[in-house]
Structures are given as C-alpha cells and as structure tokens.
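Colleague:
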Amino acid sequence: MEHKIRRKLIFKGKVQGVGFRPTIYSIAKKLGLTGMVLNSPDGVIAEIEGIPSQVEKFLPLVNSKQMQNAKILRVETTDLPPIGYMSFRILPSANTGKKTVHIPPDIGTCKECEKEMFSTKDRRFGYPFINCTVCGPRFSIIKDVPFDRAKTSMSVFHMCSLCEYEYSDPNNRRFHDESNACDDCGPHVFLLDNYGKRVETLDPILRAVQFLKEGKILAVKGFTGYHIFCDASNPKAIEELRKRKNIIDRPLSLMCYSLKEIKSFVKVTDKESEMLQSSPRPIVILKKRKGILLPENIALKSENLGVMLPFCPIHYLLVKDNFLALVVTSGNRTGEPITKDNDKAIKYLGGIADYFLVDDRKIINRSDDSIIRVLKNKPLKIRRSRGFVPDPIRIFSESVPSIFATGAQKGNIFGISKGKSAILSQYIGDLSIHDTQAFYRKSILQMQSLFKVKPEIVVFEQNEKSYSYKFAKSIHGVKHVPVLHHHAHIASVMAEHNISGNVIGVALDSQGSGIYVGDLTNFVKKGGFTQINLPSISSPKDISKIALAILFQTFGEEVTKVKIDFIKKRINDLKEVKRYLADKNSLKISDSLVSLFDTIACVTGLCEESNYTGQTIIELESIASGKGYKSYDFDVTNDNVIDTFALIREIIQDIKSSVPVENISYKFHNTLGKAIAKACKTISKEQKIKKVCLSGGLFQNFLLLEACIRELKKVRLEVYFNEKVPSNNGGIALGQIKIAKAVLENLSR
Ligand SMILES: [Zn+2]
Ligand SMILES: [Zn+2]
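Following this line, the structure appears as structure tokens:
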C-alpha cells in the first residue's frame, strides 16, 4: 500500500457563511481523502490525509470549483506527518480568542431556494425565511464572529429535527447553514396596523398583497431593514406615498419579480442584467423605455429609473404573480437611518405606512439598498451598502496599525482598517440628524467589536462644525490625523487604483470645485472655477434667488436688460438679492458647480426649486441630448481658473436664440469637460504629471464624468475614477484611511 501524507490548508478570504466547508467536504470525499475542516478566526482550516497523488489533486479542485459568493484570497499549506484520520468530518468552529475572520455580507435568495419556496410539494412552500448555505442573511444577523448560529439573532430559534438533519447531513445543501429554519421552528411574519395592533389573518402575506392592491402603503421588514412599498400601477397610491414621505420630485425605484418585467420598463445591457441578479441585488439605475405603461409620477422629469429584483424571500412572495412592479423606497423618514426594529417602525413609519408586515427575528446590523449605475460596462457605485458590507477592500501591501476613519458629515460611511484592508460601513446618512448620530456611534462600536480592532489612529475631516469632527476629538489616547475633504476624495481614487506619487486631482462636489496637485501627504490647489458670492437665503430649496445673484454678478446692473423669461419673471426679487449680496457678514463664497447647475436649471426654465440633493444636476443630465460633442467657448485664466461668468453669458445667448434646453445642457456638460481638460493639461505640463484622478459627488452625473474622461484622454492624460466605492461622500473614509497611513509614515521618518 502506498504511504499516506497529511496536508494542512488555511483558506483566507471570503470563505465563511458561503457554503465553503460543505464544498471542501465533498471534494475530500470524492478524492477518497480523510481529515477534517473547520471555521476558525484565521479562516477555514482543512486537514487532508491520503495517498500523495490524491492529496495533490485537492487544492486545484477547490480552486477550479466556482463557488457562488466565495472568494479565496490566499491559501497557506503545510505538510505534516499523517495521524491516521479514519474519515472526513466537519468539526465545530475553533475559538482561539483571536478574531480575524471574514464576515460575510448578506446574500440575496438563490435560484434553488426560490424554486423550493414556490413549489407546493416543498416543505418550505411559501416560507419567507427560506435560505441555504449560499444565500440568506449574514452581516445583518451576526453579533460576533465566527459566523455560527449561536452568535446570530437566529440563536433563539431551535432547529426542529428535520432542519437539524439537513444541518448535519454533508450531502444536504443546508449542511451547516447557520440560519437554517422552517415554518415549524424558524421566524414568522405577522401583520400590524399603524398603531401596532395585530391584523388577524391566517395568511399575513396574502393579506398584505390585498392591501397593496387596494392602494395601501406597506412597510415590510426584510433581512436588513424596512422598505416601504406601494403598487406601481396605482398613481394615487404613489401620490400618497410621495406626500407622506415628503418626496416631491425625486424619482422612485421599482421592484420587479424578474428581468422580463424589468425589461418591459427599461433598457438592460448584459452588464446591467448581471448587476441586477448579483447577490447584493442592488438598485440599478437604468434608461427608461419610451412609452412605457407606468404612472408618470414614479419618476418625474427623469430619463432613468432605479430598478431592483427581490432580495429576500418576502419580496418574492409579495411581488411574484401579484404585481408587474412595486414602488420601493427605504423604510425611513428622510435623512434618518433605515428602520430595523418593529416598535421603532410603528413609531417612525406609522405616519407613512398603513400596514406593517413584520417578523420576530431581530436585525442586528441594518443596511440600506446598494445602488449601482453602469458606465460603459463598468459598474460604478452610487451607494455601497447591503450585500457589499463588510467585505474588505485591500488597499495596502502590508499590514497597517488600526485606523478609524470618521467619513464625511453628509451621506456618511465610516471605515476601519484591518491588516492590509479597509472595511467600510454600511450607509449611515446625514450626521446632522440626531438619530443618525446614534446609529453612527452604535455601528462604529459594532464594527470594532466584530473585527476586534481598537483604533490607534483616528482620521477625520478638518471641519470643526461637523459631528464627525467632534466625535473624533472625543476619542482619547489615539493619534489624530486631520484631512481635507477634497484630499480624501482624490485619495479614495488613489487607494482604489493603487497609485502612489503625484497626481492631478479634480474634485467636484457641493463643498467646492478644485483642481489640485499632490500625493497622499501633500495637496495643493492649482486651479478650479470662479469664486462666486452666494446670498444666504433662508430656504435652500429656493434656487431662483441663487440664480439671480449669479446673473447679477455676471451682468451687473445690465441684468435687467437681459431679455429672457426667467429674469422677466424674477426681476422683483433683485432688490432682495442685492441686499443679501451687500451683507458681507452673511455672504458665502463658493466655487462649487452646484450653484452653476442651479442657475442653468433656472434660466432654461427646467426648474426653479431644488427639492432633493443634486436635483438640478440629475435633471440637467437627464434632459441633455445632442451630437458631436458641441460646446461653448470658454475662458481659463493663467491661474487655471475656469471663468463661470463667461460660460453663463454664452448660455444666455443660446436662450435668447431659443435653443432647446436639451441642447444647452448637452453643450454645457461638454464645455465643462473641455475646460477641465484644458486646465489639467496646463498643470500637467508645468508639473510633469500625467495621472488625473476624478472624484466628488458631481461625478455621479455620468454625462459630466464621460465628458471629462473623453476630453482628458484627448489631451493624452491618464484618467482614474472611483469604481469600488462611490465618488460621493461614501468614498471619503477609504481616502482618509489611505492618507492617515501615509501621513504617519512620513512623521516617523
Ligand atoms: Zn439558497
Ligand atoms: Zn425546522
């Protein structure tokens, strides 16, 4: 008989909570190997014993096996003397006190579970908590690592004998499925009215469907938080939802059962369809088809529509065979975090939803839908949250001390570093809101406890008024590293693309516009756009006064002679605007392009009110159309400052000549691209730098992003932008972490 050998393998990466051990088990069995496999804080540890030729086949087979949702980053192997394993077994998790293991993100319901859920013969027919080793809740139910049932909110549900059998049978697809459950032993749904009183019904889901069909608004608890739903074919229900949630103009999103329904509303490319079906089931922003049969008020004034497939079983059970589409929005009040607890849902969403479809499983970590938009086959993130969090993003070549990055004040996502990676939080939101601050603090503690990190370094935004600044300063016994907002934006691109050394950074967001030169430790402004005086008007919604102030600065007293409708209509406000402009104490000076977009939206008659963040930027992009990259003349000063007033004068000429807003907007976007490229080219020549990084929330306007990429490439510069993290504030923490490490390295030199 041939001699045996034993080999120990430690698999690192995304290998827990994704059905990895059963796969290892079946491969070992197939090769006639004995040994064991277990989850440990270091990763998945396997030992295999057998004749050398079979042992050699093991790892290539594991690597070749396309495991859904699993991702092996590294395998450490050691050969050891054989110890005579009799069989191959999956052992209970090893708990060595160290906790470095990967925590899997939540995974959308898989095809097989979907099939079982709709099969009348299956014992889980219609069961809204069906899941298996490749799908189901993960991050949302985990309290501590490793990912074992006892350490999740499933611990209170004791498996029945059938579930227990599946859990222990290596040949079953629920073998070691930590959230395995059925109607006999697992969580249940029930229906409440908006006072929290139970609605008596034998079938809460069927009753919920009936309510939706009657035009009612429902709050529905999913794996990771509440959503608000209404019937997408019912304009009255949509109107009511808009009113109750105070969503005036913002486009709403849809949930459809399958790609077939989605394709009847929007155009879907292969990449987009791949994204829709991917395990995080993000909302994907897609182009509307012409003449679709949907109420107007779903997405007013937008060529795009956000669409998602069902994420968890309850979504399937609601939408399949019942609705062509449901309108879906986050279960929160505007700006507040998504709701996760039943009592809070009634309290906070009672004024929005008529009924609540809730369950008796606790959500530990809530997260909002992720949002993706595809640019030329590249899926870019608008929001990185459910299904992506807490996947690590590797940004260092060696382990770094633990860093906590506060993120930005608005649209907050914070981050921690662990080893060579950054781990970004779920979407937190606006830190000026009290409840969001509490969610922020709690999530920070939770993330640090899950990943067992105690920060030695705190990196934060240099903005004394912000909550994150105060929070950072309240942490003692750590090194504090302040970072400028735009620097963090540009560094997020450098981190993603592993760029070191000097770059030209173009940062465009609501805080300002800047063209910078620098690396991770130095960052100097070299250009941008004209500084404009902005009146501190009481209502930020009222952009017409901003526009009037900018027009006054463009034309001076001659503004009254500019013959366009907007000025004729608003001329009576000029006195008030001039008074504001004369009040030097309240005046804001800004070079942000947001007010330029606002002005163009006003003068073209597109809109004179901004009811949600970025409205004019989104609407001007949406309406733009034209050919041949036509643009306006533009001026760039010797200091590389792009003259905003000259651009406005050009646009006013077009308005006087009755050029349609579609073409004006198109030319405007192209002009921005060309002007930015020209300024960058000059800086590139002076500084001998070829790499340009683009970041900041304005780059979520794809027309602007594309124009910049195209024009920068035309002048032979290398262009980089955010792909793994959003270009808005959702990417700030990544940049902060990258900078903090570089700053400290510099200091210690
Ligand atoms: Zn499944
Ligand atoms: Zn059961």
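Counting in numbering that gives the first Met the number 0, the sequence shown runs from 0 upward without gaps. Beta carbons are placed, not taken as given, at the ideal position from N, Cα and C, and that holds for glycine.
May I have the straight-line CA-CA distance separating Ser401 from Lys451, to the nearest angstrom?
Modeller: For Ser401 and Lys451, the distance between alpha carbons rounds to 10 Å.
Colleague: With a threshold of 6 Å (Cβ to nearest heavy atom), would Asp183 be considered close to ligand 2?
Modeller: At least one heavy atom of ligand 2 is nearer than 6 Å to the Cβ of Asp183, so yes.
Colleague: Does the distance between the C-beta of Cys311 and the nearest non-hydrogen atom of ligand 1 fall short of 6 Å?
Modeller: Checking every heavy atom of ligand 1 against the Cβ of Cys311, none is found closer than 6 Å.
Colleague: Take Lys13 as the anchor and find which of Arg137, His496 and Ala741 has the nearest alpha-carbon.
Modeller: Checking every option, the nearest Cα to that of Lys13 belongs to Arg137.
Colleague: Is the segment 637 to 651 close to the segment 325 to 332, with three or more CB pairs under 8 Å?
Modeller: The segment 637 to 651 is not in contact with the segment 325 to 332.
Colleague: Residues in its own chain within less than 7 Å of Ser424 by CB, not counting five upstream and five downstream?
Modeller: Within the same chain, Ser424 has close Cβ partners Val388, Ile412, Phe413, Gly414, Ser442 and Met446.
Colleague: For Ile647, does the three-state DSSP call read helix, strand or coil?
Modeller: Three-state DSSP puts Ile647 in a helix.
Colleague: Roughly how many angstroms separate the alpha carbons of Leu703 and Gly504, rounded to a whole number?
Modeller: Distance between the alpha carbons of Leu703 and Gly504 is about 16 Å.
Colleague: Give a yes or no on contact between the segment 596 to 611 and the segment 546 to 557, applying the rule of three or more CB pairs nearer than 8 Å.
Modeller: Yes, since at least three Cβ pairs between the segment 596 to 611 and the segment 546 to 557 fall closer than 8 Å, the two stretches touch.
Colleague: Below 6 Å, is the gap between the Cβ of Cys159 and the nearest heavy atom of ligand 2?
Modeller: Yes.
Colleague: Please determine, among Ile82, Ser512 and Lys524, the residue with the shortest C-alpha to C-alpha distance to Ser591.
Modeller: When each option's Cα is compared against that of Ser591, the closest is Ser512.
Colleague: Buried or exposed for His101, please, with buried defined as at least 16 other CB atoms from any protein chain shown within 10 angstroms of its CB.
Modeller: Classification for His101: buried.
Colleague: Taking only the alpha-carbon atoms, compute the straight-line gap between Thr553 and Asp564 and give it to the nearest angstrom.
Modeller: When rounded, the distance between both Cα atoms is 17 Å.
Colleague: Check for me: the alpha helix (DSSP H) holding Leu316 runs from which residue to which?
Modeller: From DSSP, the alpha helix (DSSP H) with Leu316 extends over Pro312 to Val318.
Colleague: Apply the 10 Å Cβ neighbour rule to Gly96 and answer buried if 16 or more other Cβ atoms are within range, or exposed otherwise.
Modeller: Residue confidence is low: Gly96 scores 47 on pLDDT, short of 50, so the model does not pin down where it sits. Its coordinate-derived value is still stated next. Under this definition Gly96 is an exposed residue.
Colleague: Span of the alpha helix (DSSP H) holding Val283?
Modeller: Premise fails: Val283 lies in the beta strand (DSSP E), Ile282 to Lys287, not in any alpha helix (DSSP H).
Colleague: At a cut-off of 6 Å, would you count Cys162 as near ligand 2, judging by its Cβ distance to the nearest heavy atom?
Modeller: Yes; taking the cut-off as 6 Å, the Cβ of Cys162 has a heavy atom of ligand 2 nearer than that.
Colleague: Between the Cα of Ser154 and those of Tyr164, Lys142, Glu165 and Phe667, spot the shortest distance and give me the residue it belongs to.
Modeller: Of the candidates Tyr164, Lys142, Glu165 and Phe667, the one whose C-alpha sits nearest the C-alpha of Ser154 is Lys142.
Colleague: From Thr108 to Glu177, what does the alpha carbon distance come to, in whole angstroms?
Modeller: For Thr108 and Glu177, the distance between alpha carbons rounds to 15 Å.
Colleague: Locate the alpha helix (DSSP H) running through Thr435, then write down its first and last residues.
Modeller: Thr435 -> alpha helix (DSSP H) spans His433 to Leu449.
Colleague: Is Met254 helix, strand or coil by DSSP?
Modeller: If DSSP states are grouped into helix, strand and coil, Met254 belongs with the strands.
Colleague: Just to confirm the assignment: which complete alpha helix (DSSP H) runs, minimum length 4, are found wholly within the segment 165 to 231?
Modeller: List check, alpha helix (DSSP H) in window: 203 to 212.
Colleague: Just list the beta strand (DSSP E) runs in the segment 365 to 399, keeping only unbroken ones of 3 residues or longer that don't cross its boundaries, in chain order.
Modeller: Here the runs fully enclosed are 370 to 374, 377 to 382 and 391 to 393.
Colleague: With a threshold of 6 Å, establish whether the CB of Cys679 neighbours any heavy atom of ligand 1.
Modeller: Not so, every heavy atom of ligand 1 lies at least 6 Å from the Cβ.
Colleague: Measuring alpha carbon to alpha carbon, tell me which of Pro81, His2, Arg73 and Asn62 ends up nearest Glu35.
Modeller: According to the sequence as given, residue 35 is Met; it is not Glu. The residue with the shortest Cα to Cα distance from Met35 is Pro81.
Colleague: In three-state DSSP terms, what is Leu430?
Modeller: Note: Leu430 maps to coil in three-state DSSP.
Colleague: According to DSSP, is Val742 helix, strand or coil?
Modeller: If DSSP states are grouped into helix, strand and coil, Val742 belongs with the helices.
Colleague: Which residues have a Cβ closer than 5 Å to any heavy atom of ligand 1, listed in chain order?
Modeller: After applying the 5 Å Cβ criterion, the set is Cys109, Cys112, Cys131 and Cys134.
Colleague: Just to confirm, is the Cβ distance from Tyr631 to Thr670 under 7 Å?
Modeller: Contact flag set, yes.
Colleague: Could you give the first and the last residue of the continuous alpha helix (DSSP H) run that contains Met274?
Modeller: Asp269 to Gln276 is the extent of the alpha helix (DSSP H) around Met274.
Colleague: I'd like the span of the alpha helix (DSSP H) that includes Cys707, first residue to last.
Modeller: Looking at the DSSP string, the run of the alpha helix (DSSP H) that includes Cys707 is Phe701 to Lys713.
Colleague: What first and last residue would you give for the beta strand (DSSP E) that runs through Val306?
Modeller: Note, Val306: beta strand (DSSP E), Asn303 to Met307.
Colleague: Just list the residues that DSSP pairs Ser2 with in beta bridges.
Modeller: For the sequence presented, residue 2 should be read as His rather than Ser. Beta-bridge pairing links His2 to no other residue.
Colleague: Please state whether DSSP places Met153 in a helix, a strand or coil.
Modeller: Here Met153 sits in coil by DSSP.
Colleague: Thinking C-beta only, is Lys478 closer than 7 Å to Ile456?
Modeller: Yes, the Cβ-Cβ distance between Ile456 and Lys478 is below 7 Å.
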